[in-house]
Structures are given as structure tokens and as C-alpha cells.
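Student: Quick one: the structure is below, and I'll ask about it shortly.
Residue numbers (UniProt numbering): 1 to 239.
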């Protein structure tokens with residue numbers, strides 16, 4: 001082989017130096033990681049809202065003491081005036097209501113007065129009854145006088161029977177004045193009746209009976225007084 005024969009040039013030797021971990025050195029820095037979007041829009045990063053600062057209202061301006069005193073005095077005067085007006089209004093309404101009530105109660109007032117007068121009359125008669133009964137108990141001659149008046153009223157009758165309370169009849173039978181009063185009158189006979197109350201005097205005649213007892217006479221007096229009272233009220237002119 002001749003020296004002029006061409007040989008290929010030797011390949012330059014490359015030296016690979018491993019790093020401390022045995023990895024091959026990097027020829028260039030790797031680019032940052034970019035995710036693959038696959039044709040979708042890139043996500044937009046939402047901004048985090050920062051909290052707003054609370055804005056406090058400004059403090060009210062101070063009120064002078066004399067102004068406060070004036071406001072308090074004005075409020076007191078207004079309250080007193082309003083209260084006085086309200087009281088006057090309520091008093092006026094009350095007076096009107098009372099006036100209407102008096103007009104409405106006018107007839108009732110007359111009725112009450114009339115009824116009260118009747119009650120007074122009844123009370124007076126009740127008191128008189130008690131007084132008379134007590135007097136008759138103390139003095140049986142009073143009952144004898146009542147019986148004599150009843151007999152005199154019926155003198156035209158042939159026979160008369162006078163019925164008295166049994167206890168009071170026994171008292172009269174023992175009274176000399178009673179015996180002398182009716183001794184000559186043979187048409188009159190007296191009997192004691194246990195059914196009759198005290199101070200009773202029932203005169204029986206052929207034509208009818210006469211109740212001359214205390215209760216009957218007082219009831220008749222009360223009836224006449226009430227009739228006179230009603231007549232007087234009816235004749236009085238209306239106001």
C-alpha cells in the first residue's frame with residue numbers, strides 16, 4: 001500500500017464528564033413546564049377580593065349645655081300644655097256624658113223618689129204596728145176598746161160573734177172593765193181563736209165579717225197613704 005493512499009480523517013474524540021451523581025451534563029437549561037391545553041381556553045386565575053375597611057360615621061357634634069337645658073325646658077312646657085289640653089277635653093266629654101245621664105235618669109229619679117216614699121210609709125206603718133202590739137200586750141183594755149168599736153159599727157145586726165186571739169181573749173175575760181162593757185149586750189159573744197195572731201179582732205155578722213184587727217187597720221192606712229201619694233205626683237206639673 002502506498003503512502004499516497006487516502007485514509008479517512010480520524011473522528012475527534014469527545015470526552016463526556018459525568019457529574020457527581022453520574023448523570024450526563026445538560027447542554028442547556030430546560031424550559032419551564034407548560035401544560036397542554038388541548039384546545040381549551042386557558043384558565044383565568046380569579047383575583048382574591050381584599051376586605052374593605054369599615055367606614056365609621058363621624059361623631060356627632062357636641063351640644064352646648066345651655067342648648068340642652070333649653071330643649072329640656074321646651075319639652076316640659078310642651079308636655080304640660082298637651083296634658084292640660086287633653087285633661088280639658090276629657091273633662092268636657094265627662095260633663096256631656098253626665099248631662100245626658102241626668103236627662104236619661106230624670107223619669108227614673110221620679111220613680112225612685114216615689115218608691116222611696118212608699119218604702120218610708122211602709123217602714124212607718126211597721127214601726128206603728130210594733131208599738132201598738134206592745135201597748136196591747138201591756139194593756140189589754142186597748143183591745144177591748146177596738147172590739148167595742150167594731151160591735152158598735154154592727155149594732156143593727158141581731159147576733160154578733162167577736163173572735164180574738166186565744167191568749168188575749170183570756171186576758172180580757174179576766175178584766176173587770178171588759179166584763180162590765182159587754183155584760184148587758186147579750187147579742188154579742190166573744191170567742192178565743194188559736195188560729196188568729198195577736199191583736200186580731202174579727203167581727204162576724206149575718207151580712208158579713210169585719211176585720212177590726214191591728215194588722216188590717218194599718219194595712220188599710222198604708223194603702224190610702226200610697227194612693228194619695230200617687231195622686232199627688234200625677235197632679236204635679238212636669239219640670
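Glycine residues also receive a C-beta, built at the ideal position from the N, C-alpha and C atoms.
How would you write the range of the alpha helix (DSSP H) that residue 142 sits in, first residue to last?
Tutor: Start at 1 with the first residue of the chain shown, and residue 142 comes out as number 142. Element bounds for residue 142: 141 to 153.
Student: Which whole-angstrom value is the C-beta distance of residue 121 and residue 226, which I expect to be below 8 Å?
Tutor: Here residue 121 corresponds to residue number 121 of the chain shown, with the count starting at 1. Here residue 226 corresponds to residue number 226 of the chain shown, with the count starting at 1. Indeed, because the Cβ distance is near 6 Å, the residues count as touching under 8 Å.
Student: Look at the alpha carbon of residue 187 and the alpha carbon of residue 160, and state the distance between them as a whole number of angstroms.
Tutor: Within the chain shown, numbered from 1, the residue matching residue 187 stands at position 187. Within the chain shown, numbered from 1, the residue matching residue 160 stands at position 160. For residue 187 and residue 160, the distance between alpha carbons rounds to 6 Å.
Student: According to the Cβ coordinates, are residue 233 and residue 88 closer than 8 Å?
Tutor: Position 233 of the chain shown, counted from the start, is the residue given in the question as residue 233. Position 88 of the chain shown, counted from the start, is the residue given in the question as residue 88. No.
Student: For residue 81, collect the residues of the same chain with a Cβ closer than 6 Å to its Cβ; drop the 5 residues on either side in sequence, then sort them by chain order.
Tutor: Locating residue 81 in the chain shown gives position 81, counting from the first residue. Excluding residues within five positions, none has a Cβ falling inside 6 Å.
Student: In chain order, which alpha helix (DSSP H) runs of at least 4 residues are fully inside the segment 166 to 225?
Tutor: Listed in chain order, the complete alpha helix (DSSP H) runs (minimum 4 residues) inside the segment 166 to 225 are 166 to 173, 176 to 181.
Student: I'd like the list of long-range same chain contacts for residue 198, defined as Cβ closer than 8 Å, with 5 residues on each side in sequence excluded.
Tutor: Along the chain shown, one-based indexing puts residue 198 at 198. The answer, listed in chain order, is 133, 136, 137, 165, 167, 168.
Student: Can you tell me which of the three DSSP states residue 160 falls into?
Tutor: Position 160 of the chain shown holds residue 160. Three-state result, residue 160: strand.
Student: What I want to know is whether the C-beta of residue 93 ends up closer than 7 Å to one or more non-hydrogen atoms of the ligand COA.
Tutor: Because no ligand of any kind appears in the structure shown, any question about the ligand COA cannot be addressed here.
Student: Which same chain residues, not among the five before or five after residue 21, have their C-beta less than 7 Å away from its C-beta?
Tutor: For the purposes of this step, residue 21 is identified with residue 21 of the chain shown, where counting begins at 1. In this prediction, residue 21 scores a pLDDT of 46, lower than 50, which makes its location untrustworthy; no coordinate-derived value is stated.
Student: Determine the DSSP secondary structure at residue 55, reduced to helix, strand or coil.
Tutor: Working through the chain shown from its first residue, we reach residue 55 at position 55. Residue 55: coil per DSSP, three-state reduction.
Student: Are the beta-carbon atoms belonging to residue 202 and residue 129 less than 8 Å from one another?
Tutor: Counting from 1 along the chain shown, the entry for residue 202 is found at position 202. Counting from 1 along the chain shown, the entry for residue 129 is found at position 129. Contact flag unset, no.
Student: Distance check for residue 85 and residue 99, CA to CA, integer angstroms please.
Tutor: Within the chain shown, residue 99 is the residue found at index 99, counting from 1. Within the chain shown, residue 85 is the residue found at index 85, counting from 1. About 21 Å.
Student: Suppose you measure from the CA of residue 152 to the CA of residue 210; what does that come to, to the nearest Å?
Tutor: As a working note, residue 152 is residue 152 in the chain shown. As a working note, residue 210 is residue 210 in the chain shown. Roughly 12 Å separates the two Cα atoms.
Student: Classify residue 242: buried if its beta carbon has 16 or more other beta carbons within 10 angstroms, exposed otherwise.
Tutor: The requested residue 242 does not occur in the structure, where the chain is confined to residues 1 to 239.
Student: Going by the CB atoms, is the gap between residue 172 and residue 143 shorter than 8 Å?
Tutor: Counting from one through the chain shown, the residue named residue 143 turns up at place 143. Counting from one through the chain shown, the residue named residue 172 turns up at place 172. In contact: residue 143 and residue 172 (Cβ atoms closer than 8 Å).
Student: Please work out which residues of its chain come closer than 6 Å, Cβ to Cβ, to residue 147, disregarding the five sequence neighbours upstream and downstream, and give them in chain order.
Tutor: For this step, residue 147 is matched to residue 147 along the chain shown. Here the set comprises 162, 201.
Student: How would you label residue 7, buried or exposed, when you count the other beta carbons within 10 angstroms and need 16 or more for buried?
Tutor: Start at 1 with the first residue of the chain shown, and residue 7 comes out as number 7. At residue 7 the pLDDT is 49, less than 50, meaning the model places this residue with poor confidence and gives no usable figure here.
Student: Residues in the same chain with beta-carbon distance under 6 Å from residue 214, minus the five sequence neighbours each way, listed in chain order, please.
Tutor: On the chain shown, position 214 is the one that residue 214 refers to. So the list reads 132, 199, once near-sequence residues are dropped.
Student: Using the C-alpha atoms, what's the distance from residue 223 back to residue 194?
Tutor: Here residue 194 refers to the residue found at position 194 when the chain shown is read from its first residue. Here residue 223 refers to the residue found at position 223 when the chain shown is read from its first residue. Computed Cα separation, rounded: 28 Å.
Student: In angstroms with no decimal places, state the Cα-to-Cα distance between residue 92 and residue 79.
Tutor: Reading the chain shown from its first residue, position 92 is the one you call residue 92. Reading the chain shown from its first residue, position 79 is the one you call residue 79. Rounded to the nearest angstrom, the two C-alpha atoms are 20 Å apart.
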